[in-house]
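K.L.:
Pasting in a structure now, in structure tokens, and then I'll have a few things to ask.
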Amino acid sequence: EPEVTQTPSHQVTQMGQEVILRCVPISNHLYFYWYRQILGQKVEFLVSFYNNEISEKSEIFDDQFSVERPDGSNFTLKIRSTKLEDSAMYFCASRREGTQYFGPGTRLTVL
Amino acid sequence: RKEVEQDPGPFNVPEGATVAFNCTYSNSASQSFFWYRQDCRKEPKLLMSVYSSGNEDGRFTAQLNRASQYISLLIRDSKLSDSATYLCVVNIGITGGGNKLTFGTGTQLKVEL
Chain A
5 EPEVTQTPSH
15 QVTQMGQEVI
25 LRCVPISNHL
35 YFYWYRQILG
45 QKVEFLVSFY
55 NNEISEKSEI
65 FDDQFSVERP
75 DGSNFTLKIR
85 STKLEDSAMY
95 FCASRREGTQ
105 YFGPGTRLTV
115 L
Chain B
262 RKEVEQDPGP
272 FNVPEGATVA
282 FNCTYSNSAS
292 QSFFWYRQDC
302 RKEPKLLMSV
312 YSSGNEDGRF
322 TAQLNRASQY
332 ISLLIRDSKL
342 SDSATYLCVV
352 NIGITGGGNK
362 LTFGTGTQLK
372 VEL
């Protein structure tokens, strides 16, 4: 069964550093998403991406965040200058129609 | 008012019990409704979509009341493996490829021997 994959599973970084979280969506999917979940809190929408452009973003997704689909398979989330409060699980999701399928997540720890 | 509101629990029930979870949502424009399951430190996984007519999948029954903006999930004959956090999820369905999901905080279920 096809699935969304994410790398790395755990990323530790120093405050102020740039990080890139990587996702490989399911191959025939057209819509891509990033969500985050701070420990003990709910899953929150960050951004959706379709046809090589952002279709919607939340208030959390400020100028420090960017997304890219550099080739036909990868979908990346970049955080330019990480803050302590960026520590969270980051989930990538994709869909063709209907259901969004989630990847296993990247745990980002900012020290 | 929270966009999607759930009782956080935990619900501690014995194996074989029937348990019900409730959820309310604030945006009357919401179009799609789901229950996801999340195990500790794992990704959300779709349990079932929720339709206006109500729907059932094995031991799980979901109901939607659009007038009251209320969603429910009933689990019958609960198993130890049902222990997880159950997430009520709503999609407003904005056109243009958005379709962001809005999650509740989740209701934790613990099924005990």
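Respectively, the protein sequence lines represent chains A and B. Residue 5 is where the first sequence starts when you use the numbering used here, and the numbers rise one by one after that. Residue 262 is where the second sequence starts when you use the numbering used here, and the numbers rise one by one after that. In this text, a Cβ means the ideal position worked out from N, Cα and C, and glycines have one as well. A quick note: this is a predicted structure, and the numbers were derived from the prediction, not measured.
1. Would you identify the three-state DSSP class for E63/A, choosing helix, strand or coil?
2. Determine, using beta carbons only, whether E60/A comes closer than 8 Å to chain B.
3. Take every Cβ of the segment 268-275 of chain B, pair it with every Cβ of the segment 18-30 of chain A, and state whether three or more of those distances are shorter than 8 Å.
4. Within 10 angstroms of its Cβ, does E304/B collect 16 or more other Cβ (buried), or is it exposed?
5. Which bits of chain B does P108/A rub up against, with CB to CB less than 9 Å?
6. Give the residues of chain A in contact with K361/B, contact being defined as C-beta atoms less than 8 Å apart.
7. Anything in chain A within Cβ reach of T366/B, meaning under 8 Å, just list it in chain order.
8. Between which two residues does the beta strand (DSSP E) carrying E373/B extend?
9. What are the residues in the segment 80-99 of chain A lying within 7 Å of chain B by C-beta distance?
10. Quick one: list the residues of chain A neighbouring L307/B, beta-carbon separation under 7 Å, in chain order.
P.N.:
Looking at the coordinates:
1. Here E63/A sits in coil by DSSP.
2. At least one chain B Cβ lies under 8 Å of E60/A.
3. No, they do not touch.
4. Buried.
5. Chain order gives the chain B residues near P108/A as K303 and E304, where near means a beta carbon separation below 9 Å.
6. Going along chain A in sequence order, the residues near K361/B (Cβ under 8 Å) are Y37, F49, S52, E60 and S62.
7. Under the 8 Å cutoff, chain A gives Q45 and K46.
8. Boundaries of the beta strand (DSSP E) harbouring E373/B: T368 to E373, taken from the DSSP string.
9. The segment 80-99 of chain A vs chain B, Cβ under 7 Å: F95.
10. Those within 7 Å of L307/B in chain A are T103.
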